[in-house]
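If you read the sequence shown in the working numbering, its first letter stands for residue 752, the second for the next number, and so on.
Quick reminder that beta carbons are idealized off the backbone N, C-alpha and C, glycines included.
What follows is a short report on a single structure.
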Amino acid sequence: MTFLSRVHFESLLKALGGTHKLLFPVGSGSKSHFTSIDRSDPGSAFIGGVRSVEPLKAFFFSGRERVASGFEPGLPGRELQPLCVVGAKACDLKGFRILDHVFLDHEFGDPTYKRLRRESLVISSDCTDALETCFCTSLDGLPYPEDGFDINLSPVSGGFLAEAGSEKGRALMAAHSSLFTDPSPKQQQERRENREAVLEKLRTIAEAGGTPGAESLKGAVARRYDAPLWAEEAATCVECGACNTICPTCHCFYLYDQMAQGTTGRFRMWDSCLINDFARVAGGENPRSRLWMRLRNRFEKKFDFFPKVAGEFACTGCGRCSAACPGRIDIRRVLRRLVENG
Ligand code: SF4
Ligand code: SF4
């Protein structure tokens, strides 16, 4: 572990901005947004705080992407500048783990996603606060990254404690070694205290909301598959799809063809499993014709299917879906009802 002063942090980013497109959280409190900013202005980066409003998936897996042009073999050319994501949180890194399982870790992965993930840098940071909707620790997560980053930054007075988490990160720190100095015992103590304070806040939030732990959620969707809670919870859903689009792990998409610039184009668009047409097939049949079936499907996929195929829940506990839902469907309430037979 080494110390990186705020001034040296900005120097590092200016250097990285020469080879990467820089993405920073800008803003403060509960409302920071990842923004691509000019390398000459790293001073506006807000590192620490809580997760950003939007998930990072949008930068690696576009909401709409042209995937074929006419009958040309191969992918349509698109400028892909490697990204340098700065200030990603532990829950964002778990989001990458789920997307990697879908798009990266097998031969049928997504070429654009693969390239961006392999060529990009992820500089993560500890959370220094928690939102009322956060519940990462209930799903065995932590408010500070332990893996999945190239470099992690823990905010302390005057700068950050920096740790490398990959070969890329170690090489980067070695190449800029003059920027890093030995941390003092006081700075290390400050990091321990910051981390414990956020954990304590998350414990208090989880206790107040009665949020169930990961162990009790295993098999819970299958056990309560026919429970009335699905229809009761779906009663206020307006089928907007916000929970899907804002979720860092939701990854469903559809393909459509369109004439564009004088040639046929095939496009990939994000899809939403809450929307009526999501599972409709040719001939008009729909295996999930009722809204409550679609709500149940979302939980089944995240808390039953993914543990079977990927060994973990496809939920990071970021709470974005609860914050975005106009129907006030709080994922923690649904999970609590699942395990309490409510
Ligand atoms: S955000 Fe809420 S209202 Fe919108 S589709 Fe999801 S559950 Fe339904
Ligand atoms: S389901 Fe909700 S809490 Fe879980 S990762 Fe998606 S947005 Fe975050």
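According to DSSP, is A1065 helix, strand or coil?
Residue state, collapsed to three classes: coil.
Compare the C-alpha of P806 against each of I874, F1050, L844, V1032 and name the closest.
Taking only the C-alpha atoms, the option nearest P806 is L844.
Can we count V801 as close to ligand 1, meaning its CB is less than 6 Å from some heavy atom?
No.
Considering only their Cβ atoms, is the gap separating V949 from P894 smaller than 7 Å?
In contact: P894 and V949 (Cβ atoms closer than 7 Å).
Are the CB atoms of M1020 and R757 nearer to each other than 7 Å?
No, the pair does not count as a contact, with Cβ atoms beyond the cut-off.
Can you give the beta carbon distance from F785 to P793, rounded, assuming they're within the 8 Å contact cut?
The pair is not a contact, with the Cβ atoms about 14 Å apart (cut-off 8 Å).
Taking the straight line between their C-alpha atoms, what separation do you get for E951 and E941?
Using only the alpha carbons, I get a separation of about 15 Å.
What does the shell around ligand 1 hold, if a residue joins when its beta-carbon is under 6 Å from any heavy atom?
With the cut-off at 6 Å, the residues found are C988, V989, E990, C991, G992, A993, C994, L1025, A1075, C1076, P1077, G1078, I1080.
Would you mind working out which of F811, L912, C885 sits nearest K937, comparing C-alpha positions?
Nearest option by C-alpha distance: L912.
With DSSP run on the structure shown, which of helix, strand or coil describes C1072?
Helix, per DSSP.
With a cut-off of 8 Å on the beta carbons, I'd call L717 and R975 a contact; round off their distance for me.
Any question about residue 717 goes unanswered here, given that the chain covers just 752 to 1093.
Go to P906, then tell me how far its beta strand (DSSP E) extends in each direction, as first and last residue.
Note, P906: beta strand (DSSP E), 902-907.
Checking 7 Å against the spacing of the C-beta atoms, do D1022 and Y1005 come in under that value?
For D1022 and Y1005, yes; Cβs fall inside 7 Å.
Does DSSP put H852 in a helix, in a strand, or in coil?
Here H852 sits in helix by DSSP.
Relative to ligand 2, is the shortest distance from any of its heavy atoms to the C-beta of T996 smaller than 6 Å?
It does not: the Cβ of T996 is nowhere closer than 6 Å to a heavy atom of ligand 2.
Where do the ends of the beta strand (DSSP E) carrying G839 lie?
One point to set straight first is that residue 839 is Ala, not Gly, in the sequence displayed. Taken as a continuous stretch (DSSP letters only), the beta strand (DSSP E) holding A839 covers 834-839.
Pull up the distance between the alpha-carbon of Q1009 and that of D851, whole angstroms please.
If you take the alpha carbons of Q1009 and D851, they lie about 29 Å apart.
Taking 6 Å as the limit between beta carbons, can you name the residues of its chain near H927, skipping five residues before and five after?
Once the five neighbours on either side are set aside, the close Cβ partners of H927 are L763.
Short check: CB of G920 to CB of D898, under 7 Å?
No, they are not a contact pair.
Compute the beta-carbon to beta-carbon distance between L1086 and P963, rounded to the nearest angstrom, for a pair I have assumed lies under 8 Å.
L1086 to P963, Cβ: 5 Å. Contact.
Mapping DSSP to helix, strand and coil, what is G970?
Residue state, collapsed to three classes: coil.
Measuring CB to CB, does G821 end up less than 7 Å from T1015?
Yes; because the gap between Cβ atoms is below 7 Å, this pair is in contact.
For G768, is the beta carbon positioned less than 6 Å from some heavy atom of ligand 2?
Not so, every heavy atom of ligand 2 lies at least 6 Å from the Cβ.
Please state the DSSP three-state secondary structure of F797.
Residue state, collapsed to three classes: coil.
Does L1025 come out as helix, strand or coil in the three-state DSSP assignment?
Reduced to three states, the DSSP call for L1025 is coil.
What's the gap between the Cα of E1051 and the Cα of H759?
Going by the C-alpha atoms only, they are around 46 Å apart.
Among R790, N995, S795, which one has its Cα closest to the Cα of G769?
Among R790, N995, S795, the Cα nearest to that of G769 is on R790.
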